[in-house]
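Asks:
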Amino acid sequence: MWRYFSKFIHSPISRFNPSKSNSIPVNFEMGSYCATRICNLQTLFKGKSSGYSTVTSCDSFSEEKPKDNSVSDMLVDSFGRLHTYLRISLTERCNLRCQYCMPAEGVELTPTPKVLTKIEILRLADLFVSSGVNKIRLTGGEPTVRKDIEDICYELSSLKGLKTLSMTTNGIVLARKLPKLKECGLDSLNISLDTLVPAKFELMTRRKGHEKVMDSINAAVDLGYNPVKVNCVVMRGFNDDEICDFVELTREKPINIRFIEFMPFDGNVWNVKKLVPYSEMLDTVAKRYPSLKRNQDHPTDTAKNFMIDGHKGQVSFITSMTEHFCAGCNRLRLLADGNLKVCLFGPSEVCYSAYYAISLKFGNGELVRFYLMFLVNLVIAHDDRLQAL
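Oh and the sequence shown: position 289 is 289 in UniProt numbering, straight run, nothing missing.
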């Protein structure tokens, strides 16, 4: 994606001058380039994308926060999508080593001084919420390994205009922290669990802890979380034989099992050997549970949701590979180092860093323009990938 951004950005961020209102350099020909990309995406999305806009100047954007908490221009990208959902990675650290996520030895971490502090996270979250974001999800790495997680939840839940504060966690230490987190305003939970077999759990994560994750799921149910969402990445030859076993968890408890298509990316080559497509998973569940029926989904839902007669929970499928949901995606991702990422399928390098913006003591209005330029230049990574599948 960097090759696209390099068309527009003339100087590195360290040279930005925060004393000038139009300090972010922009190539004013980018509008025509974005229009070309939009046409390509309209074809891919079968004409569903609409309301596109391009911006060639920052002059028209106010320094003031929207008074009515409506969605500001900051959150409308060049494809006309409203980004009202912010995912904040609190840390790159994790207490597991899942094989599809990282190597056994771990990964090189961002130096601690460059990881966003609690104060910086809260400032940026306030900026996004005041501009129209109404849902925040805390992620990682593993968010519960951060020592100030309770304080962060408490402060975030107090933001005026925020409707939902969620967390995605591996559940290893969640059970003992959850009562306090709930008191601090954590509204909903996604707990990752790819197998119900302890030995396979240890093989996949390179760590023990299956019982702890199950304890966390049960603790969440006991504390009244409804539903408790359980994320399961389905991999052929590893856990595809457990699909119906996972569905059984929804029979007596308000658990939402979310089967996620494996996203097999290796360098620039897509490997689909472990991919179990949505259609196959759905067929497996439908044969076992004939009363399976589709729920009405919201346009921004990433999951296809189903109910089974007599079950207290539900079953969902996240079809990132075979039936993408780019056209309705409303998510932004703030990484632990302050970089902004829009698409999971994009590269690790992102042009706009909140860390540097904060270090340059940008005012709120300048930060708005700072992120706006990222959204204006947005390129959806699915574009090239879809043509390869």
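Just so you know, even glycine gets a beta-carbon here, dropped at the ideal spot from N, CA and C. Quick caveat, the model's predicted, so the values are computed rather than measured.
1) According to DSSP, simplified to helix, strand and coil, what is Thr139?
2) Would you call the stretch 234-243 in contact with the stretch 189-199, where contact means no fewer than 3 C-beta pairs closer than 8 Å?
3) With distances taken Cα to Cα, identify the nearest neighbour of Thr284 among Val315, Thr322 and Asp222.
4) Whole angstroms are fine: how far does the CA of Val173 sit from the CA of Arg258?
5) Tell me the rounded alpha-carbon separation between Arg207 and Gln99.
6) Give the straight-line distance between the Cα atoms of Met214 and Met321, rounded to the nearest whole angstrom.
7) Using only alpha-carbon positions, find the residue among His311, Asp222, Gly209 and Leu275 that is nearest to Asn256.
8) Helix, strand or coil for Cys244, going by three-state DSSP, please let me know.
9) Closest by CA to Arg176, which one among Ser166, Lys200 and Ile149?
10) Hey, would you say Ile308 sits closer than 7 Å to Leu292, going by beta carbons?
11) Quick one: grab the DSSP three-state call for Ser158.
12) Can you give me the start and stop residues for the beta strand (DSSP E) that Met102 sits inside?
13) So what's Lys182 in DSSP terms, helix, strand or just coil?
14) Just to confirm the assignment, what range does the beta strand (DSSP E) spanning Glu323 have?
15) Checking 7 Å against the spacing of the C-beta atoms, do Leu90 and Arg137 come in under that value?
16) Between Ile172 and chain C, is the shortest Cβ-Cβ distance under 7 Å, so that the two count as touching?
17) Is Ser158 buried or exposed, if buried means 16 or more other CB atoms sit within 10 Å of its CB?
18) Kindly indicate which three-state DSSP category Asn218 falls into: helix, strand or coil?
19) When you compare only the Cα positions, how much space is there between Leu340 and Leu332?
20) I need the boundaries of the alpha helix (DSSP H) containing Glu261, first residue and last residue.
21) Does the stretch 118-135 come into contact with the stretch 150-169, if we say contact requires no fewer than three beta-carbon pairs (one atom in each stretch) closer than 8 Å?
22) Using CA coordinates, which residue listed in Met263, Glu280, Ser131 and Leu181 is at the minimum distance from Leu82?
23) Is the separation between the beta-carbon of Thr205 and that of Leu96 shorter than 7 Å?
24) Quick check: the Cα distance between Phe246 and Glu211, rounded to an integer number of angstroms?
25) Are there 16 or more other CB atoms within 10 angstroms of the CB of His324, so buried, or fewer, so exposed?
26) Give every residue of the same chain whose Cβ lies closer than 6 Å to the Cβ of Pro277, excluding the five residues on either side of it in the sequence, and list them in chain order.
27) Using C-beta distances below 7 Å, list every residue in its chain close to Asp187, excluding the 5 sequence neighbours before and after it, in chain order.
Replies: In terms of the structure at hand:
1) The DSSP-derived three-state label of Thr139 is strand.
2) Yes, since at least three Cβ pairs between the stretch 234-243 and the stretch 189-199 fall closer than 8 Å, the two stretches touch.
3) Checked all of Val315, Thr322 and Asp222; the closest Cα to Thr284 is Val315.
4) Distance between the alpha carbons of Arg258 and Val173 is about 21 Å.
5) Going by the C-alpha atoms only, they are around 11 Å apart.
6) A direct Cα-to-Cα measurement between Met214 and Met321 gives close to 28 Å.
7) Looking at the Cα atoms, His311 is the closest of the given residues.
8) Helix.
9) Put simply, of Ser166, Lys200 and Ile149 the residue whose alpha carbon is nearest the alpha carbon of Arg176 is Ile149.
10) Annotated as proximal: Ile308 and Leu292, with beta-carbon spacing under 7 Å.
11) Assignment of Ser158 by DSSP, reduced to helix, strand and coil, places it in the coil class.
12) Where Met102 is concerned, there is no enclosing beta strand (DSSP E), given that its DSSP letter is neither H nor E.
13) For Lys182, the three-state secondary structure derived from DSSP is helix.
14) Counting along the chain, Glu323 falls outside any beta strand (DSSP E), and DSSP gives it neither H nor E.
15) No, they are not a contact pair.
16) Here there is only one protein chain, and chain C is not present.
17) By the neighbour-count rule (16 or more Cβ atoms within 10 Å), Ser158 is not buried but exposed.
18) Secondary structure of Asn218 (DSSP, three-state): helix.
19) Inter-residue distance for Leu340 and Leu332 is about 7 Å (C-alpha atoms, whole angstroms).
20) Annotation for Glu261: no alpha helix (DSSP H) segment contains it, though the beta strand (DSSP E) segment containing it runs Ile255 to Glu261.
21) The stretch 118-135 is in contact with the stretch 150-169.
22) The option with the nearest alpha carbon to Leu82 is Ser131.
23) Cβ atoms of Thr205 and Leu96: closer than 7 Å.
24) Their Cα atoms are separated by approximately 15 Å.
25) By the neighbour-count definition (other C-beta atoms within 10 Å, threshold 16), His324 is a buried residue.
26) Cβ-Cβ distances below 6 Å link Pro277 to Thr322 in the same chain, with the five nearest sequence neighbours on each side left out; the list follows chain order.
27) Excluding residues within five positions, the ones whose Cβ falls inside 7 Å are Thr164, Leu165 and Ser166.
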